[in-house]
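Counting in my numbering, the sequence shown tops out at residue 483, every number present.
Here a beta-carbon is modelled for each residue, glycine too, at the ideal position from N, C-alpha and C.
Some notes on the structure that comes next.
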Amino acid sequence: MGNLIKYEWRKQRLTRILILACLLAFIVLFLIGGLIKNETIVAVSILIITFAGMFGIFYVGIENLVILNRDLKTKQSYMLWMVPHSTYEILGAKLIAGILQMVFVFLAFFAAGVVTVTVTAASEGSLGDLLRSLGRLFKEVTNSNVDWGAFFGVCLLLLISWINVMMVGFLAIILTRTVLLNARFGGVIAVIVFFLINIGIERIYVLFDSLIDMAPLGGMGGVSLFDYIFYIVMTVLAFFLTGWIADEKLSV
């Protein structure tokens, strides 16, 4: 299992290098703002680091789906499915590698964000003033107030739900591959199946949410424990369903 994870991890090496290069450019922008004492550049660079990190997490998840689709189409890649490991191990390695990619991007940008905020707070003398300044900038850009507790609560939920989306993508690709083995428009069908499954999951979410009516967690911006549990459960179910279909129907 460990070797499978390492194998999948290496597939996105170039992406990690490019993301780190972009992060370095954002840090340079921050340093320039600090050197010339331009508060706007400093604040903008911190916000860019925050939102670029979110986009990076989104991108590596999408790329993981592209890699799975390629592994089922190219002669060199589909040899992976002939190794002496179960389908669940292979899918598990792909999912874990995908999560590790997202965690890597998150930690890289989070560490950069902490460093930039700390350095700025140290130079300005007040972290609270800096956060309020960022809040004012965010309000000016989006015309809404920023609640940092809600922000981090929503970010955590987005990460969990995005892992679920990635697993649903695996399911859609495997379904299309088994039902439409050599279909000319298999990729388009996979996208349609992907959206249909997600629509179904969201309808189930609305149904259970109305029945359970769990109170939001304090300081998490209206996010409840049910939200986290629901998407984790949906991810686990999608994983086992994908593995079962691949075991029963997949032909490479």
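Alpha carbon to alpha carbon, what distance is there between Ile430 and Leu235? Here residue 235 refers to the residue found at position 4 when the sequence shown is read from its first residue. Here residue 430 refers to the residue found at position 199 when the sequence shown is read from its first residue. So the alpha carbons of these two residues sit roughly 32 angstroms apart.
Arg241 versus Val291, Ile263, Ala283 and Thr281, residue with shortest Cα-Cα distance | Here residue 241 is taken as the residue at index 10 of the sequence shown, counted from 1. Nearest option by C-alpha distance: Val291.
Notebook entry, point to check: What is the DSSP secondary structure of Arg441, counted as helix, strand or coil?
Noted result: On the sequence shown, position 210 is the one that residue 441 refers to. Residue identity differs from the one stated: residue 441 is Ser in this sequence, not Arg. DSSP places Ser441 in helix when its eight states are reduced to three.
Rounded to whole angstroms, what is the Cα-Cα separation between Leu406 and Ala342? Residue mapping note: residue 406 aligns to position 175 of the sequence shown, counting from 1. Residue mapping note: residue 342 aligns to position 111 of the sequence shown, counting from 1. Cα to Cα, the separation comes out at about 39 angstroms.
**OP:** Locate the alpha helix (DSSP H) running through Met232, then write down its first and last residues.
**Re:** Working through the sequence shown from its first residue, we reach residue 232 at position 1. Looking at the DSSP string, Met232 is not in any alpha helix (DSSP H), and its letter there is neither H nor E.
Which class does Leu249 belong to by DSSP, given the choice of helix, strand or coil? Within the sequence shown, residue 249 is the residue found at index 18, counting from 1. Three-state result, Leu249: helix.
Exercise. Which word fits Thr271, buried or exposed, when buried means at least 16 other C-beta atoms lie within 10 angstroms of its C-beta?
Worked result: If you number the sequence shown from 1, residue 271 lands on position 40. Thr271 should be labelled exposed.
_I believe Thr318 touches Leu402 by the beta-carbon criterion, under 8 angstroms. Please report the beta-carbon distance rounded to the nearest angstrom._
In the sequence shown, residue 318 corresponds to position 87, counting from 1. In the sequence shown, residue 402 corresponds to position 171, counting from 1. About 13 angstroms separates the two Cβ atoms, so there is no contact after all.
Next item on the list: Quick one: using the 10 Å Cβ neighbour count with 16 as the cut-off for buried, is Gly515 buried or exposed?
Entry: With the chain covering 232 to 483 only, the question about residue 515 has no answer from this structure.
Practice task
For Ser317, name the three-state secondary structure that DSSP assigns.
Solution key: Reading the sequence shown from its first residue, position 86 is the one you call residue 317. Reduced to three states, the DSSP call for Ser317 is coil.
Start-to-end residues for the alpha helix (DSSP H) that takes in Val454:
Working through the sequence shown from its first residue, we reach residue 454 at position 223. Premise fails: Val454 is in no alpha helix (DSSP H) and is neither H nor E.
Next item on the list: Kindly indicate which residue of Cys386, Ile423 and Leu388 has the alpha-carbon position closest to the one of Ile404.
Entry: For the purposes of this step, residue 404 is taken as the residue at position 173 of the sequence shown. Measuring from the Cα of Ile404, the nearest candidate turns out to be Ile423.
Q) What's the C-alpha gap between Gly287 and Met333? A) Taking the first residue of the sequence shown as 1, we reach residue 287 at position 56. Taking the first residue of the sequence shown as 1, we reach residue 333 at position 102. Rounded to the nearest angstrom, the two C-alpha atoms are 8 angstroms apart.
Check: Buried or exposed: where does Ala256 fall if 16 or more other Cβ atoms within 10 Å of its Cβ makes it buried?
Finding: For the purposes of this step, residue 256 is taken as residue 25 along the sequence shown, with counting starting at 1. So Ala256 counts as exposed.
* **Reference Glu479; option with closest CA among Arg247, Cys253, Ile250 and Arg408** => Taking the sequence shown and counting its residues from 1, the one referred to as residue 479 is at position 248. Residue Arg408 is the option with its Cα nearest to Glu479.
*With a 10 Å radius around its C-beta and 16 neighbouring C-beta atoms as the bar for buried, classify Met397 as buried or exposed.*
In the sequence shown, counting from the first residue as 1, residue 397 sits at position 166. With 16 or more other Cβ atoms within 10 Å, it is buried.
Less than 6 angstroms between C-beta atoms, sequence neighbours within five positions excluded: which residues of the same chain meet that for Ile280? Within the sequence shown, the letter at position 49 stands for residue 280. Only Phe257, Phe340, Ala343 and Gly344 meet the Cβ criterion.
Status (buried if at least 16 other CB within 10 Å, exposed otherwise) for Asn269: Sequence index remark: in the sequence shown, residue 269 carries index 38 (1-based). Its Cβ having fewer than 16 others within 10 Å, Asn269 is exposed.
(request) Look at Val399 and Phe439 and say whether their C-beta atoms are less than 8 angstroms apart. (result) As a position in the sequence shown, residue 399 is number 168, starting the count at 1. As a position in the sequence shown, residue 439 is number 208, starting the count at 1. Not in contact: Val399 and Phe439 (Cβ atoms no closer than 8 angstroms).
| said: Let me make sure I understand the geometry here. Which of Met465, Ile476 and Thr246 has the alpha-carbon closest to that of Ile428? | reply: Stepping through the sequence shown from its first residue, residue 428 is reached at position 197. Minimum Cα distance to Ile428 is reached at Met465.
- Task: Answer with buried or exposed for Thr347, where buried requires no fewer than 16 other C-beta atoms within 10 angstroms of its C-beta.
- Result: Translated into positions along the sequence shown, residue 347 becomes position 116. By the neighbour-count rule (16 or more Cβ atoms within 10 Å), Thr347 is buried.
Item to check | Close Cβ partners of Phe470 (< 6 angstroms) along its chain, the five nearest in sequence each way excluded | outcome: As a first step, residue 470 must be located in the sequence shown, where it is residue number 239. Excluding sequence neighbours, Phe470 sits near Met398.
Could you give the distance in angstroms between the alpha-carbon of Leu388 and the alpha-carbon of Leu456?
Sequence index remark: in the sequence shown, residue 388 carries index 157 (1-based). Sequence index remark: in the sequence shown, residue 456 carries index 225 (1-based). Those two C-alpha atoms are separated by around 10 angstroms.
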